[in-house]
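Quick notes on the structure that follows.
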Amino acid sequence: MGVFGNLFAKRSKKEVRETPRPSISPETWMTSQFAALYVRCGDLAYRDFYIGRLTRIGFRREDAMKMFAFECEILRRYDKPWLLDPQFTKSWCFSLERPFFTAYPQTKQDIWKENYLTMSELCKLIDEAEWHFWNSHEKSLSDEVWAEICAWRMKGPGGEFAIAYFEKIEQTLGIPSDNISALSNLQGAHLSRYKWG
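Just so we're aligned, residue 1175 is where the sequence shown starts under the working numbering, counting upward by one.
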């Protein structure tokens, strides 16, 4: 059966009914949010939104399903209620009052080991860190907060980490690098339109 073997096991009708389906406008949600919604309530429409988005940017359906399963596994291991928030795209990772990563996994090594971040989270994190690097540098920030921003900025260590993380996903799942690049670019375009636009 493998690590993703039980992913599509049927959920009980009671379990699905007890989790209300949020009213969504699919274009405003980041890709990984559909996996989070699916994990929360088991509605196949969310899986279909996710798969449809990936196939439209060039993924073979089989590879889109692998990527979906990979992200669902992350979401089953770690409770990430922020991905269920309709305002996730516009919300801020960095509060500028304290570091974002305050509990395990805190370090990049732990994040790497645990496959902790979904594609949308990682793209949003490095994009926002880059913005703060240029726009929040004159604010009175603690050394810890500023160090974290510098460590995650896109045009620095955060971008380097993201490239390595994406390569790890490619190798683990056997998905072409062009597809992972296209998915990363899609997240960036989404942020440009719905967070910064």
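Ideal Cβ placement from N, Cα and C applies to all residues, glycine included.
In three-state terms, what does DSSP make of Q1261? coil
Using only the alpha-carbon positions, how far apart do S1351 and F1244 sit? 16 angstroms
Residue range of the alpha helix (DSSP H) that includes D1237: 1235–1251
Rounding to the nearest angstrom, what Cα-Cα distance links D1217 and L1211 in this structure? 8 angstroms
Three-pair Cβ contact test at 8 angstroms for the segment 1214–1230 versus the segment 1281–1291: no
Determine the burial state of Q1207: buried for a count of at least 16 other Cβ atoms within 10 Å of its Cβ, exposed for fewer. buried
List the whole-angstrom C-beta distance separating A1356 from L1296, where the pair is believed to meet the contact cut-off of C-beta under 8 angstroms. The Cβ separation is near 15 angstroms, so there is no contact.
Which residues mark the beginning and the end of the alpha helix (DSSP H) in which P1331 is found? 1331–1347
Can you say whether R1191 is buried or exposed, counting buried as having 16 or more other CB atoms within 10 angstroms of its CB? Here the model assigns R1191 a pLDDT of 39, short of 50, so the residue's position is not dependable, and the following value carries that caveat. Residue burial is scored here from C-beta neighbours: R1191 has fewer than 16 other C-beta atoms within 10 angstroms and is therefore classed as exposed.
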